[in-house]
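S.K.: Residue numbers (UniProt numbering): 1 to 175.
(1) Are the beta-carbon atoms belonging to residue 132 and residue 144 less than 8 Å from one another?
(2) Is residue 66 helix, strand or coil when you go by DSSP?
(3) Buried or exposed for residue 56, going by 16 or more other Cβ atoms inside 10 Å?
(4) Between the region 142-157 and the region 37-57, do at least 3 Cβ pairs fall closer than 8 Å?
(5) Output the boundary residues of the alpha helix (DSSP H) element that contains residue 157.
(6) Leaving out five residues on either side along the sequence, give the residues of the same chain with a beta carbon under 7 Å from the beta carbon of residue 33.
(7) Helix, strand or coil for residue 134 per DSSP?
(8) So residue 24 packs on residue 12, CB below 8 Å; how close in whole Å?
(9) Report all residues from its chain with a CB closer than 6 Å to the CB of residue 29; omit the five preceding and five following residues, and keep chain order.
(10) How far does the alpha helix (DSSP H) with residue 166 in it reach, from first residue to last?
(11) Please report the distance separating the alpha-carbon of residue 61 from that of residue 18.
(12) Cβ of residue 187 within 8 Å of Cβ of residue 7?
(13) Buried or exposed: residue 157, going by 16 or more other Cβ atoms within 10 Å of its Cβ?
(14) With a CB to CB cut of under 8 Å and the five nearest residues on each side skipped, what residues in its chain are close to residue 26?
(15) Mapping DSSP to helix, strand and coil, what is residue 3?
(16) Using only the alpha-carbon positions, how far apart do residue 16 and residue 58 sit?
This is the structure:
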């Protein structure tokens, strides 16, 4: 199961109407297991493996397409609010009641992978659907273009463009 490309399954997760990981995808894995007369425990294990593998492959595509993380914060101690330098000796500080405030360590910015995981989980909760146009329903690629232009998602639109560039019918025969 791990050698499959899972392109079709990723396309399902990136489609606004089929994006629930526990929805149609898991129902298909269950149906395939029932047709092969597998035990219910094996079917549940297969569902778990497929779900985690598809998410992992999607995260991998997002990670590969992400720009390198070059945002590093260099803060001097004087820029930290409440910072008092140790310019005075302890005796003078005591005499004039000058207290030094220990600087709290700055929280590191979210790593790309944390942002990607948050974005993916937000996608699964997002109720956005395809919009109706005069020509009919919006295409999936137009949907993702709209999401990128609105700034709703940062990494998923690029991953969707790559995943939907592979026609599902030409993907490797997996099962």
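Glycine is no exception: its CB is placed at the ideal position from the N, C-alpha and C atoms.
Bear in mind the structure is a predicted one, so any value in this text is a computation, not a measurement.
M.R.: Considering the structure as presented:
(1) Taking 8 Å as the Cβ cut-off, residue 132 and residue 144 do not qualify as a contacting pair.
(2) Shown here, residue 66 sits in coil according to DSSP, grouped into three states, outside any helix or strand.
(3) Exposed, since its Cβ has fewer than 16 Cβ neighbours within 10 Å.
(4) Short answer: they don't touch.
(5) If you look at residue 157, you'll find it in the alpha helix (DSSP H) that goes 156-163.
(6) The residues are 42, 43 and 46.
(7) Looking at residue 134 - three-state DSSP - the assignment turns out to be coil, as it is neither helix nor strand.
(8) Contact holds; Cβ gap of about 6 Å.
(9) For residue 29, the CB contacts under 6 Å within the same chain, skipping 5 residues up- and downstream, are 46, 47 and 50 in chain order.
(10) Residue 166: not part of any alpha helix (DSSP H); DSSP gives it neither H nor E.
(11) Our two residues, residue 61 and residue 18, have alpha carbons roughly 19 Å apart in a direct line.
(12) Any answer about residue 187 is impossible in this case: the structure gives the chain only from 1 up to 175.
(13) Buried: at least 16 other Cβ atoms inside 10 Å.
(14) Closer than 8 Å at Cβ, skipping near neighbours: 47, 50 and 51.
(15) Three-state result, residue 3: coil.
(16) Between residue 16 and residue 58, the C-alpha separation is close to 15 Å.
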